[in-house]
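Residues in the sequence shown are numbered consecutively from 582, following the numbering used here.
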Amino acid sequence: MNRIQKMTYIDGEVVNYAYNQAGNLQSMHGKKESHTYDYIKQLAYDEFEQRKYLKYGNDTETDYTYDPTMRRLQQLQAKSGARQIMNNSYGYDLVGNVLNIKNSAPIINNTLGGTSNHDYQYDDFYPLKSVKATYQGEFTKASYELNMSYNKMHNITKKDLLHTVNNEQKGYVLDYNYDNEAHPNAPNKITEAGKTQPREYVYDGNGNPTSYTEDKSFRKMTWDEENRLMGINDNGRKRPKKQWR
582 MNRIQKMTYI DGEVVNYAYN QAGNLQSMHG KKESHTYDYI KQLAYDEFEQ
632 RKYLKYGNDT ETDYTYDPTM RRLQQLQAKS GARQIMNNSY GYDLVGNVLN
682 IKNSAPIINN TLGGTSNHDY QYDDFYPLKS VKATYQGEFT KASYELNMSY
732 NKMHNITKKD LLHTVNNEQK GYVLDYNYDN EAHPNAPNKI TEAGKTQPRE
782 YVYDGNGNPT SYTEDKSFRK MTWDEENRLM GINDNGRKRP KKQWR
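This is the structure in structure tokens:
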């Protein structure tokens with residue numbers, strides 16, 4: 582079935598993968614010297630081979646329920662012992678775009694958990710047009726509203742975010758400019774409201790971004806012949822080069 586059965590890591594740990602008769606991952610266990618580790622104890626699927634149950638090594642369990650007509654995820658419930666940590670419900674339009682995500686799980690402790698709600702709207706061609714979201718924790722109340730604009734080629738022209746946390750307002754407004762004949766669908770300039778200098782992008786012949794500059798900072802990127810990112814230079818600080826095999 583061309584599935585990974587065993588992987589040996591540089592520290593000597595050996596991870597074994599088990600599959601059901603359909604070739605879907607069923608469990609995942611590791612062993613290093615005399616120690617064993619259960620990463621995934623159990624994975625179960627329905628008759629459509631969609632995941633319906635997951636149990637991690639720490640005994641956290643997740644149940645998945647799907648809409649019977651479109652087979653889209655309808656509810657996701659996660660629990661640890663008797664404590665529910667997530668209870669997401671999902672709504673969709675007639676073409677399958679996500680319209681809302683609501684988490685009604687209770688607050689777990691002082692800093693974790695809380696209810697949240699996200700509502701999504703799309704334009705006539707189905708790119709995301711706006712998002713409104715709220716969150717209520719024990720000590721934190723937050724909301725955000727995102728509005729998007731596009732040109733005739735469906736490229737982003739404006740992104741307007743208003744983010745409020747405990748009555749403190751944050752956010753940004755970004756304007757995108759496309760003025761590069763070689764790469765007409767890649768922004769050459771992104772301007773943030775309130776900043777004097779925009780972020781300006783340069784691309785190679787394959788369309789990979791090779792650098793951008795903005796007020797007091799820059800980034801340079803190098804790519805290999807297969808368009809894979811090899812290295813990043815942030816303001817003179819070079820990150821280790823990536824090696825692909």
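Don't be surprised by glycine CBs; every beta carbon is placed ideally from N, CA and C.
Ranking Arg809, Asn787 and Pro768 by CA distance to the CA of Pro779 puts Pro768 first.
One Cα belongs to Lys819, the other to Ile813, and the distance between them is close to 6 Å. Between Asn684 and Asn761, the alpha-carbon positions lie close to 43 Å from each other.
Exposed is the label assigned to Tyr753, since fewer than 16 other Cβ atoms lie within 10 Å of its Cβ. Assignment of beta-bridge partners to Asp756 by DSSP yields Lys739 and Thr772. Of the residues assessed, Leu624 falls on the buried side of the cut-off, its CB having 16 or more other CB atoms within 10 angstroms.
Take Val676, set aside five residues on each side of it, and the residues of its chain with a beta-carbon closer than 8 Å to its own are Tyr707, in chain order. Sorting Asp592, Asn597, Glu806 and Gly593 by C-alpha distance to the C-alpha of Arg584 places Asn597 at the top. Residue state for Thr777 is assigned as coil, using DSSP reduced to three classes.
Sixteen is the threshold: when 16 or more other Cβ atoms of the shown chains lie within 10 Å of the Cβ of Tyr793, as they do, the residue is buried. Within a 10 Å sphere around the beta-carbon of Tyr634 sit fewer than 16 other beta-carbons, which makes this residue exposed. Contact annotation, Leu657 with Asn669: C-beta distance approximately 4 Å; criterion of less than 8 Å satisfied. DSSP places Met729 inside the beta strand (DSSP E), whose first and last residues are Lys722 to Tyr731. Secondary structure at Gln656: strand, using DSSP grouped into helix, strand and coil. Here the alpha carbon of Gly786 sits roughly 29 Å from the alpha carbon of Leu709. Rounded to whole angstroms, the gap between the alpha carbons of Asn678 and Ile591 is 42 Å.
Rounded to whole angstroms, the gap between the alpha carbons of Thr715 and Glu614 is 48 Å. For Tyr634, the enclosing beta strand (DSSP E) stretches over residues Arg632 to Tyr637.
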